[in-house]
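Trainee: Here you go, one structure.
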Amino acid sequence: MNGFDQKFLENLNYAQKKAVDAPRGQVLIVAGAGTGKTKTLISRIAKKILEGVSPVNILAITFTNKAAREMRDRLESYGLENPQWPGFIGTFHSFGARFLRSRAGLVGRKNNFVIYDSGDSFSVIKKIARLKNIKSPSALRSYIDGRKNCALEEGMEEKLEDAFLIYEQVLTKSNAFDFNDLISKPLEILRNNPQERERAQRTWRHIFLDEYQDINNSQYFLVKEICGDNPDITAVGDDQQTIYSWRGSNFRFFLDFEKDWPRAQVINLTENYRSTPQIISASQDVSAKNKFRRENTLSATRPNGEAVRIIETTGEEEEACWIASDLGESLGKYTNAAILYRTNAQSRALEQSLVYADIPYVVWGGLAFYERKEIRDILAGVRVCNNPQDEQAVDRLRKNLRKKERDSFKSAIEDKLPEGPAQAIDLFLTKTNYMDMVRNEMTSPEERMENIMELKNYALGFSSTEEFLEKISLLQSTDKDHKKAKVQLSTIHMAKGLEFPIVYVAGCTEGLLPHSMSFREEGALEEERRLMYVAMTRAKDKLTATFYGPPSRFLMEIDPSKYQFTTSHGDSGMLEENEEDYISLD
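Numbering (the working numbering), first residue to last: 1038 to 1623.
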């Protein structure tokens, strides 16, 4: 046992050791970016086991499978975990699935149930929407999500509530659960069955929650049912990295931890091991402007590094070219880099510039721009405008459009061919009602519409449809060796939890970051600021923020002494704010 003690307690700083050694009870570990939260949480679990806690009584919840694997691997390296380990380490959804395998009968299913993914469930929703004459299946899905995540009260909208009940009947008849059910159904069982609730509280007497700031309503209520009155619960998180409210997360649970547990101990981890002092200082200038936050000032353990850079460019294309050029000069010194951006649509210009610069890249957690469904559909339409005998393009439209829309588009082409790619895109969108289809029938409609507008804006630079299609074909045909890729393109949301030697935050422009949709709501604007903070704190050694047009208000919040400002042409000067560029919340 002593050997184990030395292994997992070595190199813990004072605050980390305090968290690991905290007595039984309710503990909140406020872990800023790069402060070693995973190491601290795993060490606390290990300490519990070595003190005599049975693994069968441990419930450790993470938000990603990757985090769960890391936790299991780390415990195994301590000699405390193996494939037959009786405790539970995994995501909320994997816990819910395991819980239901022996209790499905309590909610009208058999134990050999199937789990519908988002595509399966949306197919059911679209059929019900047609049956109930609901114009937008996406709106129905949002209602169902809200009901299952305890975000909406029963019967708020009679028509949608009726459709929701039909959806539940279909899933029950199919012996299926959707992903939301993996949380909502265990919660239902624990609320309605005192014996099951008491059994759960006896079994999982020691609860560990990672990324607690990302918890949603139903997950919170599920944890509360398992906890009982005086639980041994350890929650870890950082309220300044709460960026998933659109997915239902509610960081108020993190801020109100002591209200739930008045005797709770709160421990702040403040020593950052990831980033240089320059990066930490600049990022904290941004996060400090939020009103709804816990105070947790970070300090750097690393020596001074390079100054944070802010680069002004004249437009999206020049921004992408500048980043590619700068990357070409930097990659020899560093092993890898990331280009982060607010919306998926921004990847188009960046991908193009990296291809031209012969820099291998990979789009993290998503599709490259020209591989996205809506882009491929529209390009098929443009190809048919250019060549009505293009059988591949015709076949794609046949598979993805209704006959009425196909016929309308075909008639328009036969009547008059569009002049140029932008006009061809407009014709396709108009005659096929494609934007309505995106808005009402596809997942992530706002994101897809931004991608479409990006393609259309790019097409405006071409008078020849042939040239436009040829350029895109050449970009797509470029040999991309992902194994050699040193550059990762990613939305900021997808990059959370990752770190890179070099980070470029592209599009730090008012209206992009913060996104224009956040301007009228303080809570939304604060989440955009947290998004900027997450982007900045992914950087270990070198951080560059680029913009064109009015600079993001978040850049203006950084003390000018903490960054180096230049234009893409090498001119230095002052980053100046024009108040007319910003929409006030006052």
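Cβ coordinates follow ideal geometry from the N, Cα and C atoms, glycine included. Computed from a predicted model, the values in this text were never measured in an experiment.
Tell me whether Thr1279 is buried or exposed, calling it buried when 16 or more other Cβ atoms sit within 10 Å of its Cβ.
Mentor: When all chains shown are included, Thr1279 counts as buried.
Trainee: So is Gln1206 buried or exposed if we call it buried at 16+ other beta carbons inside 10 Å?
Mentor: Exposed is the call here.
Trainee: Which complete alpha helix (DSSP H) runs does the stretch 1155-1183 hold, if anything under 4 residues is left out?
Mentor: Here the runs fully enclosed are 1155-1168.
Trainee: So, are the CB atoms of Val1067 and Asp1275 less than 9 angstroms apart?
Mentor: In this structure, Asp1275 lies closer than 9 angstroms to Val1067 by Cβ.
Trainee: Which residue marks the beginning of the alpha helix (DSSP H) containing Ser1527, and which one marks its end?
Mentor: Unbroken run through Ser1527 is the beta strand (DSSP E), 1524-1528; no alpha helix (DSSP H).
Trainee: From Ala1357 to Tyr1180, what distance separates their C-alpha atoms?
Mentor: One C-alpha to the other measures close to 39 angstroms.
Trainee: Exposed or buried, what is Leu1168 when buried is set at 16 or more other beta-carbons lying within 10 Å of its beta-carbon?
Mentor: Classification for Leu1168: exposed.
Trainee: Within 10 Å of its beta-carbon, does Tyr1393 have 16 or more other beta-carbons around it, so buried, or fewer, so exposed?
Mentor: It counts as exposed.
Trainee: To the nearest angstrom, report how far apart Asp1623 and Arg1557 are at their CA atoms.
Mentor: Low per-residue confidence applies at Asp1623: pLDDT is 39, beneath 50, and the placement is therefore not dependable, though the value from the model is reported in the following sentence. So the two alpha carbons sit approximately 9 angstroms from each other.
Trainee: Closer than 8 angstroms by C-beta to Lys1085: which residues in its own chain qualify, once you throw out the five before and the five after it? Chain order, please.
Mentor: Same-chain partners within the cutoff: Ile1095, His1243.
Trainee: Pull the bridge partners of Gly1127 from the DSSP assignment, please.
Mentor: Beta-bridge pairing links Gly1127 to Ile1098.
Trainee: Since Gln1250 sits in a beta bridge, which residues does DSSP pair it with?
Mentor: Paired residues: none, contrary to the question.
Trainee: What do you reckon, are the CB atoms on Ile1360 and Leu1387 nearer than 9 angstroms?
Mentor: Yes; because the gap between Cβ atoms is below 9 angstroms, this pair is in contact.
Trainee: Got a sec: does the ligand SAM put a non-hydrogen atom nearer than 8 angstroms to the Cβ of Phe1291?
Mentor: Absent from the structure shown: the ligand SAM. Ligands present: none.
Trainee: Have a look at Gln1053 and Thr1072 and give me their C-alpha separation to the nearest angstrom.
Mentor: Rounded to the nearest angstrom, the two C-alpha atoms are 9 angstroms apart.
Trainee: Look at the Cβ atom of Gln1063, then the Cβ atom of Asp1297, and state whether they are nearer than 9 angstroms.
Mentor: Going by C-beta atoms, Gln1063 is nearer than 9 angstroms to Asp1297.
Trainee: Where Gln1232 and Glu1478 are concerned, what is the direct C-alpha to C-alpha distance, given to the nearest angstrom?
Mentor: For Gln1232 and Glu1478, the distance between alpha carbons rounds to 43 angstroms.
Trainee: How would you write the range of the beta strand (DSSP E) that Ile1152 sits in, first residue to last?
Mentor: From DSSP, the beta strand (DSSP E) with Ile1152 extends over 1151-1153.
Trainee: Rounded to whole angstroms, what's the CA-CA distance from Asn1470 to Asp1463? Just pull it up for me.
Mentor: So the two alpha carbons sit approximately 10 angstroms from each other.
Trainee: I want to know whether the stretch 1399-1407 touches the stretch 1542-1558 - three or more CB-CB distances under 8 angstroms.
Mentor: The stretch 1399-1407 is not in contact with the stretch 1542-1558.
Trainee: If you compare alpha carbons, which of Phe1591, Pro1174, Leu1466 is closest to Thr1546?
Mentor: The shortest Cα separation from Thr1546 among Phe1591, Pro1174, Leu1466 belongs to Phe1591.
Trainee: Got a sec? Which residues, its chain only, sit under 7 angstroms from Asp1427 by beta carbon, not counting five neighbours each side?
Mentor: Within the same chain, Asp1427 has close Cβ partners Arg1420, Val1421.
Trainee: Give a yes or no on contact between the stretch 1098-1115 and the stretch 1135-1147, applying the rule of three or more CB pairs nearer than 8 angstroms.
Mentor: In short, these stretches do not touch, since the Cβ pair count stays below three.
Trainee: Label Glu1616 either buried or exposed according to how many other C-beta atoms from any shown protein chain fall within 10 Å of its C-beta, with 16 as the threshold for buried.
Mentor: Confidence at Glu1616 is low in this model, with a pLDDT of 46, below 50, so its placement is unreliable and the value that follows should be read with caution. Label assigned to Glu1616: exposed.
Trainee: Is DSSP giving Asp1623 helix, strand or coil here?
Mentor: Confidence at Asp1623 is low in this model, with a pLDDT of 39, below 50, so its placement is unreliable and the value that follows should be read with caution. Asp1623 falls in the coil class under three-state DSSP.
Trainee: By how many angstroms is the C-alpha of Ile1252 removed from the C-alpha of Lys1222?
Mentor: For Lys1222 and Ile1252, the distance between alpha carbons rounds to 17 angstroms.
Trainee: Once you ignore the five residues that flank Glu1503 on each side, which residues in its own chain have a CB closer than 7 angstroms to its CB?
Mentor: The answer, listed in chain order, is Asn1423.
Trainee: Measure how close the beta-carbons of Ala1319 and Tyr1600 come, nearest whole angstrom, since I'm counting them as under 8 angstroms.
Mentor: Sure, about 6 angstroms apart at Cβ, within 8 angstroms.
Trainee: Taking the straight line between their C-alpha atoms, what separation do you get for Pro1597 and Leu1306?
Mentor: So the alpha carbons of these two residues sit roughly 28 angstroms apart.
Trainee: Which value, in whole angstroms, describes the spacing of the CA atoms of Leu1511 and Ala1496?
Mentor: Answer to the nearest angstrom: the Cα atoms are 15 angstroms apart.
Trainee: From the DSSP output, which residues share a beta bridge with Lys1579?
Mentor: Lys1579 pairs with Ile1539.
Trainee: From the DSSP output, which residues share a beta bridge with Tyr1378?
Mentor: Beta-bridge pairing links Tyr1378 to Thr1528.
Trainee: My output table needs one value for Thr1480: the three-state DSSP class, helix, strand or coil.
Mentor: Looking at Thr1480 - three-state DSSP - the assignment turns out to be coil, as it is neither helix nor strand.
Trainee: Could you please give the first and the last residue of the uninterrupted beta strand (DSSP E) stretch that includes Gly1274?
Mentor: Start and end: 1269-1274.
Trainee: Please name the residue or residues paired with Phe1245 in a DSSP beta bridge.
Mentor: The partner list for Phe1245 (beta bridge, DSSP) reads Ala1097, Thr1271.
Trainee: If contact is defined by three or more beta carbon pairs under 8 angstroms, each pair taking one atom from either stretch, is the stretch 1368-1380 in contact with the stretch 1524-1544?
Mentor: As far as the Cβ criterion goes, the stretch 1524-1544 touches the stretch 1368-1380, which means the pair count is three or higher.
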